[in-house]
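Asker: Shown below is the structure under consideration.
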Ligand code: ADP
Ligand code: F6P
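In the numbering used here, the protein residues as written are 2 to 323.
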């Protein structure tokens with residue numbers, strides 16, 4: 002009987018637990034054993050390996066976060082750290098690894114596969130949705146819905162007080178959360194790292210809106226936007242327009258919460274597919290869902306091919322915000 006290990010790494014996200022559940026139960030269904038590794042690559046280095054069974058993953062599909070815990074490990078980026086992790090894998094008798102995490106974690110997965118010849122499959126999980134080889138990464142849909150709920154609530158108070166709000170969302174160097182939450186939330190403007198930000202133009206549009214009777218507005222800014230964050234932008238807009246601007250930075254609340262049905266289904270499919278790849282002897286790859294079908298790509302595809310936002314969606318936000 003073969004045995005595989007599973008870990009979650011990097012920024013946690015809703016749906017990681019559903020994915021762990023799928024990995025564990027698919028492996029056991031195929032009569033393989035599974036070990037969980039605590040705290041990502043850091044726990045792997047420290048030998049935090051424990052056996053998991055069917056009931057280890059009971060009642061977790063609905064939970065945010067990750068029961069395996071997550072971490073960022075600088076030590077794993079070094080050859081010495083990887084050698085320690087490799088020794089742990091050998092000692093625990095792990096014939097393969099499933100790494101669930103963002104693009105950084107998939108880079109770590111590739112190190113295991115290429116340098117240390119550990120059969121490894123990566124599963125894209127990040128609220129940022131910045132991983133190529135899959136239409137959506139696990140956690141993105143929940144994060145967008147969480148941000149959207151916040152935008153809707155802020156719109157209530159913005160309307161009551163005739164105010165301009167700037168809401169900053171996460172996403173690292175990518176604008177996916179801002180674009181999707183902004184479009185769904187009817188934002189008056191959306192500032193993305195992928196598009197040039199022209200504060201002069203934003204102020205002009207606000208003025209136009211004011212002239213035709215618009216008394217409140219919401220601008221969504223991605224944390225990676227070139228204008229330097231919601232507070233800086235608010236100051237500039239206040240100076241240029243005389244508006245009183247309120248700022249909300251949504252921050253880590255976008256990383257928590259019960260995963261949406263969409264994320265649970267994606268996580269279940271990807272977790273199961275990862276195990277099936279290992280069973281078939283296919284590894285050094287990532288699994289994704291593209292046009293509703295399971296696809297596999299070499300791990301490096303995840304970060305070498307930069308994922309692009311859909312420009313037509315951005316254009317639509319501009320058209321609908323006139
Ligand atoms: P995410 O997976 O959410 O993108 P990070 O970029 O912080 O988060 O990556 C998570 C972890 O993956 C890092 O702390 C490190 O342990 C590992 N990792 C990232 N890049 C590499 C790399 N080039 N080589 C080896 N390990 C890496
Ligand atoms: O990658 C997920 C993410 O939440 C990004 O959106 C954000 O920039 C970053 O992680 C925050 O990282 P930390 O939790 O280490 O502050």
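Virtual Cβ for every residue (Gly too), placed ideally from N, Cα, C.
Note that this is a predicted model, so its numbers are computed, not measured.
Just to confirm before moving on: does the CB-CB distance between residue 196 and residue 102 stay below 9 Å?
Answerer: No, the pair does not count as a contact, with Cβ atoms beyond the cut-off.
Asker: How big is the Cα-Cα spacing for residue 82 and residue 234?
Answerer: Computed Cα separation, rounded: 42 Å.
Asker: In the structure shown, what three-state DSSP assignment does residue 36 receive?
Answerer: Strand at residue 36.
Asker: Less than 8 Å separating the Cβ of residue 104 from some heavy atom of the ligand ADP?
Answerer: Checking every heavy atom of the ligand ADP against the Cβ of residue 104, one is found closer than 8 Å.
Asker: Per DSSP, what kind of secondary structure is residue 278 in: helix, strand or coil?
Answerer: Here residue 278 sits in helix by DSSP.
Asker: For residue 44 versus residue 127, is the C-beta spacing smaller than 9 Å?
Answerer: Contact flag unset, no.
Asker: With distances taken between CB atoms, is the gap from residue 122 to residue 276 smaller than 9 Å?
Answerer: Yes, they are a contact pair.
Asker: How big is the Cα-Cα spacing for residue 157 and residue 255?
Answerer: In a straight line, the C-alpha of residue 157 is about 20 Å away from that of residue 255.
Asker: I believe residue 185 touches residue 322 by the beta-carbon criterion, under 8 Å. Please report the beta-carbon distance rounded to the nearest angstrom.
Answerer: Wrong, their Cβ atoms sit about 13 Å apart, outside the cutoff.
Asker: When you compare only the Cα positions, how much space is there between residue 248 and residue 164?
Answerer: Going from the Cα of residue 248 to the Cα of residue 164 covers about 11 Å.
Asker: Cα separation between residue 214 and residue 300?
Answerer: Whole-angstrom Cα-Cα distance: 52 Å.
Asker: Mind checking whether the beta-carbon of residue 240 lies closer than 8 Å to any heavy atom of the ligand ADP?
Answerer: Checking the Cβ of residue 240 against the ligand ADP gives no.
Asker: In the DSSP output, which residue or residues are listed as bridge partners for residue 244?
Answerer: Bridge partners of residue 244: none, in fact.
Asker: Quick check: the Cα distance between residue 203 and residue 160, rounded to an integer number of angstroms?
Answerer: Using only the alpha carbons, I get a separation of about 19 Å.
Asker: For residue 269, which residues of its own chain have a beta-carbon under 6 Å away from its beta-carbon, when the five flanking residues on both sides are left out?
Answerer: Answer for residue 269: 19, 23, listed in chain order.
Asker: Kindly identify the DSSP beta-bridge partner or partners of residue 6.
Answerer: 36, 98.
Asker: Excluding the 5 residues flanking residue 117 on each side, which residues of the same chain have their C-beta closer than 6 Å to its C-beta?
Answerer: Excluding residues within five positions, the ones whose Cβ falls inside 6 Å are 87.
Asker: Here's a check: name, in chain order, each residue in its chain whose Cβ is nearer than 6 Å to the Cβ of residue 99, leaving out the five neighbours to either side.
Answerer: Within the same chain, residue 99 has close Cβ partners 7, 24, 122, 275.
Asker: So what does DSSP say about residue 52, is it helix, strand or coil?
Answerer: Note: residue 52 maps to strand in three-state DSSP.
Asker: Hey, out of 91, 64, 28, 93, whose CA is closest to residue 264's CA?
Answerer: Considering only alpha carbons, the answer is 64.
Asker: Alpha carbon to alpha carbon, how far is residue 283 from residue 297?
Answerer: If I take the Cα positions, the gap works out to 10 Å.
Asker: Quick one: what does DSSP say residue 132 is sitting in, helix, strand or coil?
Answerer: In the structure shown, residue 132 sits in coil (DSSP, three-state: anything other than H, G, I, E or B).
Asker: What do you get for residue 313, buried or exposed, if any count of 16 or more other CB atoms within 10 angstroms of its CB means buried?
Answerer: Classification for residue 313: exposed.
Asker: Could you check if residue 51 is buried or exposed, using at least 16 other CB atoms within 10 Å of its CB as the buried criterion?
Answerer: Its Cβ having fewer than 16 others within 10 Å, residue 51 is exposed.
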